[in-house]
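FYI, the numbering for the sequence shown is -20 to -1, 1 to 173, going by mature numbering (1 follows the signal peptide of the UniProt record, and there is no 0).
Heads up, the beta-carbon is just placed ideally off N, CA and C, and yes, glycines get one too.
Owing to the predicted nature of the structure, the values given are computational and were not obtained by experimental measurement.
Working notes, structure below.
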Amino acid sequence: MRNIVTIAFLLFAILLSVECFRWRDCAQNKTTAAFTFDNFNIWPMPILVPGTVHLSADLTVNRPVHSLYMDEDVDEAIESFFFKLPCMGQGIGSCSDIDCCEYRTIEMPEIWERFMFYLLGNESYCPIPSKSVVIQDELISIPSVPGPLVLLGNKMYTIKLFFKESRDAKDHFGCIEFDLEYDLDLRSSRPVG
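Structural data, given as structure tokens:
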């Protein structure tokens, strides 16, 4: 009987860990970080594309930020191996030096655009003052995926967003890492070609 309870508990723990959204604040030095992430959640998982997704976040801008650039690492998880996706446009794939202060002038997935909108304090441009940012259950519409991006669907990704003050900065003053899975509704996605 004890073995059955132990096995049932382990299966429950495994199922729970698969369904939970995982994230972490990955700043190099939390005492000098410009951004501190206290909470971050995207649901439901997996995200159905097209569909809607909920975003909640709680972060602190610890000091004024006059310019903001983001490096994005996107790794596809296959079994226990990770493969870095190349940059396929602003905010899609592993892209570097995304100018977050000018995010409204570049093509960027809506989820990142909304996140930046709140981070900038509902303003369009930098500087970002010291403040607390709370995003409560923001509903975001995810459109169908165009062309070759269909090939990226139905997979698990680990995404790391590194924030820095200039394109050539070596040190990051904020970082968030999270796992993301999305499933495509292929009936509504546009064909490749």
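- Phe158 is positioned such that its CB atom lies no closer than 8 Å to that of Ala13.
- Using a 10 angstroms sphere on the CB of Lys144, the tally of other CB atoms reaches 16 or more, which defines it as buried.
- In this structure, DSSP gives Leu65 a state outside helix and strand, which the three-state scheme calls coil.
- Here the region 23 to 42 makes contact with the region 110 to 126; the two share three or more CB pairs at distances below 8 Å.
- In the three-state reduction of the DSSP assignment, Glu59 falls in the coil class, being assigned neither a helical nor a strand state.
- Relative to Thr11, the option among Leu48, Ala57, Trp3, Val41 whose CA is nearest is Val41.
- Excluding its 5 nearest sequence neighbours in each direction, Ser74 has C-beta neighbours in its own chain below 7 Å: Glu52, Asp53, Val54, Lys64, Leu65, Pro66, Cys67, listed in chain order.
- CA-to-CA, the gap between Lys111 and Tyr137 works out to about 30 Å.
- Asn134 is positioned such that its CB atom lies no closer than 8 Å to that of Leu160.
- Taking C-alpha positions only, Ser76 is separated from Met50 by approximately 6 Å.
- Looking at the DSSP output, Glu82 shares a beta bridge with no other residue.
- DSSP places Leu132 in the helix class (H, G or I) of the three-state scheme.
- When the Cα atoms are used, Cys106 and Gln8 turn out to be separated by approximately 23 Å.
- Counting along the chain, Ile120 sits inside the beta strand (DSSP E) bounded by residues 111 to 122.
- Annotated three-state conformation of Ser36 is strand, per DSSP.
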